[in-house]
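As you go down the protein sequences, you meet chains A and Y in turn. Just so we're aligned, residue 1 is where the first sequence starts under the working numbering, counting upward by one. Just so we're aligned, residue 283 is where the second sequence starts under the working numbering, counting upward by one.
Number of protein chains: 2
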Amino acid sequence: MYTVHTIPQARAFLDSARARGQQVGLVPTMGFLHAGHQSLMRRAVSECDVVVATIFVNPLQFAPNEDLAAYPRDFVADSELAAEAGVSILLAPSVDEMYPETVVTSVRVSGLSDGLESGARPTHFEGVATVVAKLFNVVGPCRAYFGEKDYQQLAVIRRMVSDLSFNIQVIGCPIVREVDGLAMSSRNAYLEAADREAATCLRRALDAGVALLEAGERSVVAIEAAMSAVVEAEDRATLDYVAVRDADTLQTIAQVEEDAHLLVAAKVGPSRLIDNCAFSGK
Amino acid sequence: MYTVHTIPQARAFLDSARARGQQVGLVPTMGFLHAGHQSLMRRAVSECDVVVATIFVNPLQFAPNEDLAAYPRDFVADSELAAEAGVSILLAPSVDEMYPETVVTSVRVSGLSDGLESGARPTHFEGVATVVAKLFNVVGPCRAYFGEKDYQQLAVIRRMVSDLSFNIQVIGCPIVREVDGLAMSSRNAYLEAADREAATCLRRALDAGVALLEAGERSVVAIEAAMSAVVEAEDRATLDYVAVRDADTLQTIAQVEEDAHLLVAAKVGPSRLIDNCAFSGK
């Protein structure tokens, strides 16, 4: 695996791959890689000739009160995991390389960026859309792999790609979970044992919602109430939101007609965690 | 000249040119082409192997009270002018081709987009940055030619390209003028004879500012007052702004130290016109 820290090095490598007719795959990450990231990398490797993974903890998507400085980092372990997954080139730019001067350009996807995660993190998706647009421009035409754990983020990126005609195929990949159902996340590293156990309440809330739907319940108010109750029963968890939304637009709905998406966010110990799952009523 | 109306046709043509190692040049326009546009095209043709010109009257950069519907169009004459300049491919997409659904993604360049043109047109540069980002993504890596007549626009685009790492070289090209000094503009077509004569007041205001600077005046207040007086002496003109700004950042300055940029905007008859010029005190 070729490791680079500058944009021109990555661009030269990827441009020459494309010039040879090779398909480029991209897995953008914030590092502290786990099996979820590795599943994106393995999928990219299986579908592309050359895979670039990026590691960049993007300051733009953290609010001043968030965990930017504390965000876990382990470049040695990350490099090993990426190499093991078959990544061709690892781009790990510094903040100065990415933002040599104050970034005054921002990309905003309205509607999809509102509500849910934006309730707690109002500037988050603008920071995400901006850095992802930049990474797309650095990497060039490619297949780009994102995890479905950040479901709203995936919807924001898909819409940005469509609205701005990026020459990019966005591929959403299934959530990878621990044995007890907890969605893998770099922020799970903050959890002490009791928090780690409590954190399963997110997945249990989703399961409770799906169970009601499978039993025929269609009222979003009723389903959300059942989901909330699961999180609220957990002393170590503080509910941020539960939501049952239109699967495509993430807009609010009153009744589940066919497809829907269930989402949950809660603070468990020091970590703000999220999870989601699909329900198909067809 | 190959004329296409869809994004995939343009992309296929340009991708295959790049695959042959050819340099692509881009001249984005809103049509109703004049000698100013043609000079951009000729420059692009002289520096690139393959030149794409685009014609798209972009609704996003017009406010509801502006001249979107009235904006002059002449596709036959435009095609002839572009072909004569040596353009390889003309992309003239419909609004539905560019925006098949409501565009919810926007690109904003703060700071540079504020003041000057944004005083009268507060949402203008967001519309410009968004469509130019989209055109850059459609066309792919290239040299992109923009006229210096839209000087603030050029600054906004340069900064967007730098902040978001577009793989694009932005090339600013000198203003092309009528014999009497009026900067060429599609909006000159709105001017009746008396307005056409009055419209030279923009260039005369810039000349008055430069004359003062050359005589040693360095106070921006004094220079702007002299420039304003020229426009205000013209009955058929209504001054929007005159400005002497830092040449690079377009920020306000009190004294001209070395380089500066002079800008003017005024309504003449039905047309809102702009002009600008550089002053180098070195």
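We put the CB at the ideal spot given by N, CA and C, even for glycine. The structure displayed is predicted, hence computed values, not measured ones.
### Message
Under 8 Å: do the region 119–127 of chain A and the region 104–111 of chain A share three or more Cβ pairs, one atom per stretch?
### Response
yes
### Exposed unless 16 or more other CB atoms sit within 10 angstroms - verdict on GLU540/Y
exposed
### Span of the alpha helix (DSSP H), counted from its first residue to its last, around ASP558/Y
In the sequence on display, residue 558/Y carries Asn and not Asp. That residue, ASN558/Y, is in no alpha helix (DSSP H); its beta strand (DSSP E) goes 553–562.
### Task
Determine the extent of the beta strand (DSSP E) in which CYS483/Y is found, giving its start and end residues.
Note, CYS483/Y: premise wrong, no beta strand (DSSP E); alpha helix (DSSP H) at 483–496.
### Chain-order list of residues whose beta-carbon lies under 8 Å from that of ILE505/Y (same chain, five-residue window excluded)
GLY491, LEU494, LEU495, GLU499, VAL526, VAL538, LEU544
### Task
Return the CA-CA distance between ASP96/A and GLY463/Y, expressed in angstroms with no decimal places.
44 Å
### Message
Contact defined as beta carbons within less than 8 Å: I believe GLU454/Y pairs with ARG300/Y. What is the distance between those atoms, to the nearest angstrom?
### Response
For the sequence presented, residue 454/Y should be read as Gly rather than Glu. Not a contact, Cβ separation roughly 23 Å.
### Query
Can you give the Cα-Cα distance for ARG177/A and GLN435/Y, rounded to whole angstroms?
48 Å
### Inside the region 102–171 of chain A only - beta strand (DSSP E) runs reaching at least 3 residues
105–109, 142–147
### Task
Name, going along the chain, the residues of the region 137–167 of chain A whose beta-carbon falls closer than 7 Å to a beta-carbon of chain Y.
ASN137, VAL138, GLY140, ARG159, MET160, ASP163, LEU164, SER165, PHE166, ASN167
### Query
Does the beta carbon of SER118/A come closer than 9 Å to any beta carbon on chain Y?
no
### Query
Is the region 367–374 of chain Y touching the region 76–88 of chain A, taking contact as three or more C-beta pairs under 8 Å?
no
### Cutoff 9 Å: ALA299/Y Cβ touching any chain A Cβ
no
### Query
Do the CB positions of ASP522/Y and ILE457/Y come within less than 9 Å of each other?
no
### Query
With distances taken from CA atoms, which of ASP78/A, VAL242/A, ILE253/A, TYR99/A is nearest ASP31/A?
For the sequence presented, residue 31/A should be read as Gly rather than Asp. Nearest option by C-alpha distance: ASP78/A.
### Query
Buried or exposed: TYR2/A, going by 16 or more other Cβ atoms within 10 Å of its Cβ?
exposed
### Query
Are the beta-carbon atoms belonging to MET323/Y and ALA352/Y less than 9 Å from one another?
no
### Task
Tell me, please, whether the CB atom of ILE556/Y is closer than 9 Å to any CB atom in chain A?
no
### Query
With respect to the beta strand (DSSP E) encompassing ILE89/A, which residues constitute its N-terminal and C-terminal limits?
89–91
### Query
For the region 358–392 of chain Y, which residues have a CB atom closer than 7 Å to at least one CB atom of chain A, in sequence order?
VAL385, VAL386, THR387, SER388, VAL389, ARG390, VAL391, SER392
### Query
Taking C-alpha atoms, which residue in SER16/A, GLU148/A, ALA237/A lies nearest to MET184/A?
GLU148/A
#### Entry: Separation of ALA294/Y from HIS287/Y, as counted between CA atoms
13 Å
### Message
Within a Cβ cutoff of 6 Å, which residues of the same chain sit near SER321/Y, ignoring the five residues on either side of it in sequence?
### Response
VAL458
#### Entry: Where the region 120–136 of chain A meets chain Y: residues whose CB sits under 7 Å from a CB there
ALA133, LYS134
### Task
Could you tell me which chain A residues have their CB closer than 7 Å to the CB of LEU342/Y, listed as they occur along the chain?
None at all; the shortest Cβ gap to chain A is about 11 Å.
### Query
Using a Cβ cut-off of 9 Å, which residues of the region 3–37 of chain A contact any Cβ in chain Y, in chain order?
ILE7, ARG11, ASP15, ARG18, ALA19, GLY21
### Message
Can you give me the C-alpha to C-alpha distance between PHE298/Y and ARG73/A, rounded to a whole angstrom?
### Response
It is Ser, not Phe, that sits at residue 298/Y in the sequence shown. Spanning the two alpha carbons is a distance of roughly 41 Å.
### Query
Which value, in whole angstroms, describes the spacing of the CA atoms of LYS282/A and ASP248/A?
15 Å
### Query
Taking 8 Å as the cut-off, is the CB of ALA233/A close to at least one heavy atom of the ligand NAP?
For the ligand NAP, the structure offers nothing, since it holds no ligand at all.
### Query
In angstroms, rounded to a whole number, what distance separates the CA positions of ILE7/A and GLY303/Y?
21 Å
#### Entry: Any beta strand (DSSP E) of 3 or more consecutive residues that is wholly inside the region 307–348 of chain Y
332–337
### Query
Where in the region 499–551 of chain Y do unbroken runs of the alpha helix (DSSP H), each at least 4 residues long, occur, reported from the N-terminal end onward?
502–514
### Query
From PHE136/A to VAL513/Y, what does the alpha carbon distance come to, in whole angstroms?
46 Å
### Message
Using only the alpha-carbon positions, how far apart do LEU398/Y and SER553/Y sit?
### Response
17 Å
### Task
Look at the Cβ atom of VAL334/Y, then the Cβ atom of VAL309/Y, and state whether they are nearer than 9 Å.
yes
### Task
Return the chain-ordered list of same chain residues with a C-beta closer than 7 Å to the C-beta of THR311/Y, the five sequence neighbours on each side being excluded.
HIS319, ALA335, THR336, ILE337
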